[in-house]
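Here is the structure we will look at, set down as C-alpha cells.
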Amino acid sequence: MNGWVGIDVAKATLEVVLRREQDEQATTLPNTKAGFHSLHHFLQKRCRDGAHICLEATGLYGDAVAEFLHQRGYRVSVVNPARIKAYGDSRMIRNKTDRSDARLIAQFCRTQQPERWTPPAPAAKELRALLRHLDDLQAMRQQEHNRAHSGETSPTVLTQLEAHLAFLDSQIAALKQLIDDHFDQHPDLKQQRDLLTSIPGIGDLTAGKLLAEIRDIRAFGSARQLAAFVGVTPRQHQSGTSIRRPSRISKQGSATLRAALYLPAVVAKRHNPLVRDLAERLQARGHSQMSIIVAAMRKLLHLAYGVLKSGQPFDPHYLDKRVAIA
903 MNGWVGIDVA
913 KATLEVVLRR
923 EQDEQATTLP
933 NTKAGFHSLH
943 HFLQKRCRDG
953 AHICLEATGL
963 YGDAVAEFLH
973 QRGYRVSVVN
983 PARIKAYGDS
993 RMIRNKTDRS
1003 DARLIAQFCR
1013 TQQPERWTPP
1023 APAAKELRAL
1033 LRHLDDLQAM
1043 RQQEHNRAHS
1053 GETSPTVLTQ
1063 LEAHLAFLDS
1073 QIAALKQLID
1083 DHFDQHPDLK
1093 QQRDLLTSIP
1103 GIGDLTAGKL
1113 LAEIRDIRAF
1123 GSARQLAAFV
1133 GVTPRQHQSG
1143 TSIRRPSRIS
1153 KQGSATLRAA
1163 LYLPAVVAKR
1173 HNPLVRDLAE
1183 RLQARGHSQM
1193 SIIVAAMRKL
1203 LHLAYGVLKS
1213 GQPFDPHYLD
1223 KRVAIA
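Heads up, the sequence shown is in the numbering used here, so the first residue is 903 and it goes up one at a time.
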C-alpha cells in the first residue's frame, strides 16, 4: 500500500487527492462511469502497490464509485462524515473547499486506517431502494394532504390534489406489495424480518428498514457498536463538580434509522416488557421523556442485535431464565 486517497463526492464531480510518502497529487473528475474509469487509470499509474481510498458516507452520490473501486480490488472505506469533521476539528483545519475536504479525508485515511467497506448484497441493496422510495412517496403524500386541508377553495386545485392523492395511494400500495414480494423471494431476509418482528414494538416496515440500512449484523462486534452506528449512544457533558449538563443523543450515525426507530420506541415503552421496565426505572430517576425514548430506541437495537445474532426469536422471559439458572 503506497497511496492514501481522499474523495470529496458531489452530485456531478469527484474531487480526488492522492497522498504518498513523497508527494501529493490531485484531480477533479466527473461523477460518472467514465470518471470512475479515469480515476482507476489515475491510481494505476501512481500506486502500483495499491491504494487505500476513503470517502464520506454521502448516500447515493458516493455508492456507485465506492462499489466500482471495491470491485477492482482497492481497499475502500466509507466513513461517517461526523468522524471526518471531528478529525478536522482536532487538527484545527479551518478551510472549507472541495479540494481541502478531499485532502482532509486522505489525511484521515492515512493516519486512522478506517475499516474496509463492502457493498451490500444485491437483495439488501434492492430492499433499501424500495424502502427509501416508499419514504419519498409517503412524504409526498403528506405534503399533498396538507395542501388539500390548508383552506384551499379553488375547485380546480382541489380536484387536482384529490387526483394526485389517489395516484400516490395506488403507488404506495403497489410498492408495499413489491416489498412483500421481495421478502418472499429471499427467504434469508424474510427469516431475519420474522426474527425482528418477534420483538414487541418492531413491525414489518421497521424490520425492513433495519435490514436494509444495517446490511450485515456480522459487521458489528457488539450491540453497543450497532447503537453507535445508528447514533443513539448517550453523549455526556461533565467537567469537575460545577458543569453537569444533561446527557444528549450523539446523533453521529444513521439519521434514517433513528427516524425509523422513534415510533417503535414509543410503542415498545407500553407493550414490550423489557423496554417498559427500563422506561419505568429511568422515569423514577427523573429522566426526561425524550431521553427515555432514546434509551428505548437503544434497547430495541440491543434486542434486534440479539435475535439476529442468535437466530432465536424474542423471549420476554429471557432475563428471568438467566436469574433462575444463576
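Backbone N, C-alpha and C fix where the C-beta goes; we use that ideal spot for every residue, glycine too.
Residue environment: Asn-1174 is assigned as buried (16 or more neighbouring CB atoms within 10 Å of its CB, all protein chains considered). Three or more pairs of CB atoms, one per stretch, sit closer than 8 Å, so the segment 1092-1105 contacts the segment 1154-1172. Assignment of Gly-1110 by DSSP, reduced to helix, strand and coil, places it in the helix class. Within the segment 916-993, the complete beta strand (DSSP E) segments at least 3 residues long are 926-932, 954-958, 977-981, listed from N- to C-terminus. Here His-954 is buried. Its C-beta has 16 or more other C-beta atoms within 10 Å.
The beta-carbon separation of Ala-1198 and Leu-1180, rounded to 7 Å, stays under the 8 Å limit for a contact.
If you look at Ile-909, you'll find it in the beta strand (DSSP E) that goes 906-911. Rounded to the nearest angstrom, the gap between the Cα atoms of Ala-1157 and Tyr-976 is 28 Å.
Annotated three-state conformation of Gln-1185 is helix, per DSSP. When secondary structure is reduced to three states using DSSP, Glu-1017 falls in the coil class, being assigned neither helix nor strand.
In the three-state scheme derived from DSSP, where H, G and I count as helix and E and B as strand, Ala-1197 is classed as helix. Here Ser-1100 carries a coil assignment [DSSP, helix/strand/coil]. Of the other Cβ atoms in all chains shown, fewer than 16 fall within 10 Å of the Cβ of Ser-1212; this residue is therefore exposed. Three or more beta-carbon pairs separated by less than 8 Å link the segment 981-992 to the segment 1006-1019, which places the two stretches in contact.
Membership of Ile-995 in any alpha helix (DSSP H) is not indicated, and neither H nor E is assigned to it by DSSP. Between Asp-1090 and Asp-1000, the CB-CB gap reaches or exceeds 9 Å.
With a cutoff of 9 Å on beta-carbon distance, Val-967 and Trp-1019 are scored as not near each other. Burial check for Lys-1201: the Cβ neighbour count within 10 Å reaches 16 or more, so the residue is buried. For Gly-1208, the secondary structure class from DSSP, reduced to helix, strand or coil, is helix.
Note that the C-beta distance between Phe-970 and Lys-947 is not below 9 Å. Pairing Glu-926 with Val-1132, the inter-Cα distance amounts to about 35 Å. In this structure, DSSP gives Ala-914 a state outside helix and strand, which the three-state scheme calls coil. When the beta-carbon positions are compared, Arg-1030 and Glu-1115 come within less than 9 Å of each other. Leu-1128 is positioned such that its CB atom lies no closer than 9 Å to that of Leu-1077. Restricting attention to beta strand (DSSP E) runs no shorter than 3 residues, the segment 1040-1108 encloses none. With a cutoff of 9 Å on beta-carbon distance, Leu-920 and Ala-928 are scored as near each other. Taking C-beta atoms under 8 Å as the contact rule, Ala-1109 and Arg-1095 qualify, at a distance of about 5 Å.
A direct Cα-to-Cα measurement between Ala-1004 and Asn-933 gives close to 14 Å. For Ser-1100, the closest C-alpha among the options Ala-914, Phe-1216, Leu-1060, Gly-905 is that of Phe-1216. The alpha-carbon of Ser-1052 is positioned some 48 Å away from that of Met-994.
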